[in-house]
Each structure stands twice: as C-alpha cells, then as structure tokens.
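K.L.:
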Amino acid sequence: DPMYVFEVVEVHVNPDYNPRGGADQARSDQAVMILAESASAAVPGIEPIPVNRDPLPPAFLGTVVQNVGYGSTEPGGGGGNTLRWWTTETVTDVTDFDYTVYGGGVSSVCFGDSGGPGMWTFPDGVVRVQGTVSWGDPSCMDYDHFARTDDNLDFLLPYLVEEDPCHGLTWEGACEGNDAVWCIDGVTYRRDCAACGQVCGDAGASLGWYCI
25 DPMYVFEVVE VHVNPDYNPR GGADQARSDQ AVMILAESAS AAVPGIEPIP
75 VNRDPLPPAF LGTVVQNVGY GSTEPGGGGG NTLRWWTTET VTDVTDFDYT
125 VYGGGVSSVC FGDSGGPGMW TFPDGVVRVQ GTVSWGDPSC MDYDHFARTD
175 DNLDFLLPYL VEEDPCHGLT WEGACEGNDA VWCIDGVTYR RDCAACGQVC
225 GDAGASLGWY CI
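Take any residue in the sequence shown, note its place counting from 1, add 24, and you have its number in this note's numbering.
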C-alpha cells in the first residue's frame, strides 16, 4: 500500500511541446502537476529533490545517472507494476534540449516511466533532477532520451519559485572583489579569499569561481 495519496488539482503542459516524433521528440517535453497540499507538510521526512537550473557541465557527459519510475519491468509494456524501481544508466550524448543515456543492454527505463526524473550528483555534491524521461528504445535495456530541465526554465520556474532567490548566481559562483560568492538551492555563500591567503579566480569547470 502507498504511504500517502496526493490529489492533483492542476496539470500544466509546456505549450511549446509538439509530439513530432524522431530525434526531436524530447524538445519541451515536460509538464507540471500541482498537488492539493504540500507533500513535505503532509508526510514528515519527505525532502523535495531540487530541479537543476544551470547549464549541464562538461563533466556530465560519460557519467552515470540514476532514474526512477513506476513503469513496466518487461519489454512490450507487460508485467504490471505498482512498485518504484531505480536503474542507473550512462550519459552517452548531450544536446541543447535533451540528453541520451544507455542501459548497457541490461536495464533502462521502460513503458510507463515517461515523465519520471533523472538525477545526478552535481559537482557541488547536491543531487538534482536534471531531466525527465521522454522516449526510449522498446527493449527497456538500451537507449533513452531525457528532456533537460535547464532548457525548460521559462516554463518551469513560475511553478517552482515566485522569484529567483539566487538573483542569477549559480553554484559555479563569481568573484566580488576578492570574495568568492556562490548560491545553492536558494542559499548564497561567501568566502573571503584574502583571509585564507588566496585570491578569487577560476578554479576549473568542476569547481567554478573560488579561492585559489
């Protein structure tokens, strides 16, 4: 039995989505459901997983991501399922609107998993949803395509926050004088580099602007 059942009161589909098929299928393929109540308030212990809002870093390609859903566990859509299943897949390609993952001929997302989240531990150590399942190989073991959240921010942001608490600052940060400043999930951090005998500068793609 489920721990809790939530009523959905609104469904919003990205107006730019067009089920065109082919390699372009994942473009703008995202929707938002509004619940009648706060999930974290209704079930203590629930921690929402943040949505990625920044461009995917170069390090994303070739890494392993985790995907989750309640879809079928057998090719062809058979094997009815009421359980939440996880699988890991390797990122094999990244475009401006989607990314492709490979299940290695062993396990991937399947029928009924569409719209489910793809998650990755970003270089700052935070797990975020960076994409949602759009379409994939019917084998349920090979290649799948995910719509990127950072490509759909114009659609997603009004439902996520009323305003950007980071004011445009990202986890990659910036230098303000000799202070390194960065923002993660709405919280801004600052470090005085001079106090550490360092200067603020570009620490590389995996670290962003920091004390060096």
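Ideal Cβ placement from N, Cα and C applies to all residues, glycine included.
Assuming H169 and Q49 form a contact by the criterion Cβ under 8 Å, report the distance between their Cβ atoms to the nearest whole angstrom.
P.N.:
Going by Cβ atoms, the distance from H169 to Q49 rounds to 7 Å, so yes, they are a contact pair.
K.L.:
Measure the CB-CB distance between V157 and D175 and report whether it falls below 9 Å.
P.N.:
Not closer than 9 Å, so no.
K.L.:
Quick check on V46: does DSSP put it in helix, strand or coil?
P.N.:
Before going further, note that residue 46 is Gly rather than Val in the sequence given. Helix.
K.L.:
Buried or exposed: where does L80 fall if 16 or more other Cβ atoms within 10 Å of its Cβ makes it buried?
P.N.:
When all chains shown are included, L80 counts as buried.
K.L.:
Is it buried or exposed, G127, if we count other Cβ atoms within 10 angstroms and call 16 or more buried?
P.N.:
The residue in question, G127, is buried, as its Cβ has 16 or more Cβ neighbours within 10 Å.
K.L.:
When the Cα of F84 is compared with those of V35, V125, G140, G210, which residue comes out closest?
P.N.:
Cα-wise, what sits closest to F84 is V125.
K.L.:
Count the CB pairs spanning the region 91-101 and the region 129-143 that are closer than 8 Å, and state whether there are at least three.
P.N.:
Taking 8 Å as the limit for Cβ pairs, the verdict is that the region 129-143 does touch the region 91-101.
K.L.:
Determine, using beta carbons only, whether W206 and A218 come nearer to each other than 9 Å.
P.N.:
Result no, Cβ atoms of W206 and A218 do not sit closer than 9 Å.
K.L.:
Can you say whether L180 is buried or exposed, counting buried as having 16 or more other CB atoms within 10 angstroms of its CB?
P.N.:
Buried.
K.L.:
So which of D203, M57, G155, M165 has the shortest CA-CA distance to I236?
P.N.:
Here the closest residue by C-alpha is D203.
K.L.:
In chain order, what residues of the same chain have a beta carbon less than 7 Å from the beta carbon of I208, not counting five sequence neighbours either side?
P.N.:
Contacts found: D148, V150, W195.
K.L.:
Kindly indicate which three-state DSSP category E186 falls into: helix, strand or coil?
P.N.:
Confidence at E186 is low in this model, with a pLDDT of 49, below 50, so its placement is unreliable and no value can be given for it.
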